[in-house]
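So for the sequence shown, UniProt numbering puts the first residue at 6; every next one is plus one.
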Amino acid sequence: EPGLYIVATPIGNLGDLTVRARDVLSRADVIAVEDSRVTARLLQHIGVKRPMTPYHDHNAESVRPGLVARMGGEAVALVSDAGTPLISDPGYKLVRDARAAGHAVVTIPGPCAAVAALTLAGLPTDRFLFVGFLPAKAQARAAAIAEVAGIRATLVLYESGPRLAATLAALAEGLGDREAAVAREITKRFEECVTDPLSILATRYADAPPKGEIVIVVSPPGEPEAASEDAADAALAEALTRLP
Ligand code: SAM
């Protein structure tokens, strides 16, 4: 069927490619990719050979109209290097233009590092804000953190190893020393998820900048409900021991 297919791919473990994703990729007339080397590896793993065309931040404006035109008669799949396209990755303008042109837009959902990290962190998940990457420069970063400081939701951020400690310190400074989780290399061999107050995490990673890909999850302002309940119970129990 002609149209645009948004295909999520694994964020590490290739076993996480869905049956439907494999099916759509194997039948696509063309696959729009961020990095053809990365997608070629995935296609080889599943024994699929389909034409690829680059679609990334630097050529998107110029190749988008041609891709949209092709959707009239061809199945165009969009993938990113890892995870769900459009999530800190290119694609929303392609979807917007495909819809405007009246083409079918079909999503093939799958792995997303932000959601995977939320499932590991053990922090509240009822309300969360996806912040994505913070600006690299200190002043812009502090401003971006100040903007979300009052939001009563768990925050989810993407970060790289070399910048992790500085970002954690900036978060502790701008948000207060909230409980947070650093989820690293999710679904890969050296997966780990560490939970501690932001300042302790900042110190820990300042000594040894970690390798690999990272998601930071920060708890909402104020104590998470379960924790405050526990704290209240503990305070009560302690008070009771003092009664004559
Ligand atoms: N579209 C992707 C998704 O659905 O998660 C995100 C793309 S963004 C350019 C890449 C960032 O996602 C990395 O810098 C890291 O913060 C995060 N990420 C991707 N894979 C990850 C993994 N296996 N473990 C932890 N974080 C990951």
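From the three backbone atoms N, C-alpha and C, an ideal C-beta is built for every residue, glycine too.
- Approximately 6 Å separates the beta-carbon atoms of Thr200 and Gly127; this is inside 8 Å, confirming the contact.
- Taking non-hydrogen atoms of the ligand SAM into account, the C-beta of Thr112 is found less than 8 Å away from none of them.
- Within the stretch 51-94, the complete alpha helix (DSSP H) runs of at least 4 residues fall at 65-75.
- Leu203 is the residue among Ala147, Val111, Leu203 whose C-alpha sits nearest the C-alpha of Ala186.
- Taking C-beta atoms as the reference points, Val120 and Thr159 fail to come closer than 9 Å.
- Contact between Ala188 and Leu99 does not hold, since the beta-carbon distance rounds to 29 Å and is not under 8 Å.
- Pairing Ala207 with Ala174 gives a Cβ-Cβ distance under 9 Å.
- With contact defined as three or more Cβ pairs closer than 8 Å, the stretch 100-117 and the stretch 13-25 are in contact.
- Short note on Val223: C-beta not closer than 8 Å to any heavy atom of the ligand SAM.
- At least 9 Å separates the beta-carbon of Leu91 from that of Val35.
- Measuring C-alpha to C-alpha distances from Pro95 to each of Asp212, Arg168, Val68 identifies Val68 as the nearest.
- Taking non-hydrogen atoms of the ligand SAM into account, the C-beta of Gly20 is found less than 8 Å away from none of them.
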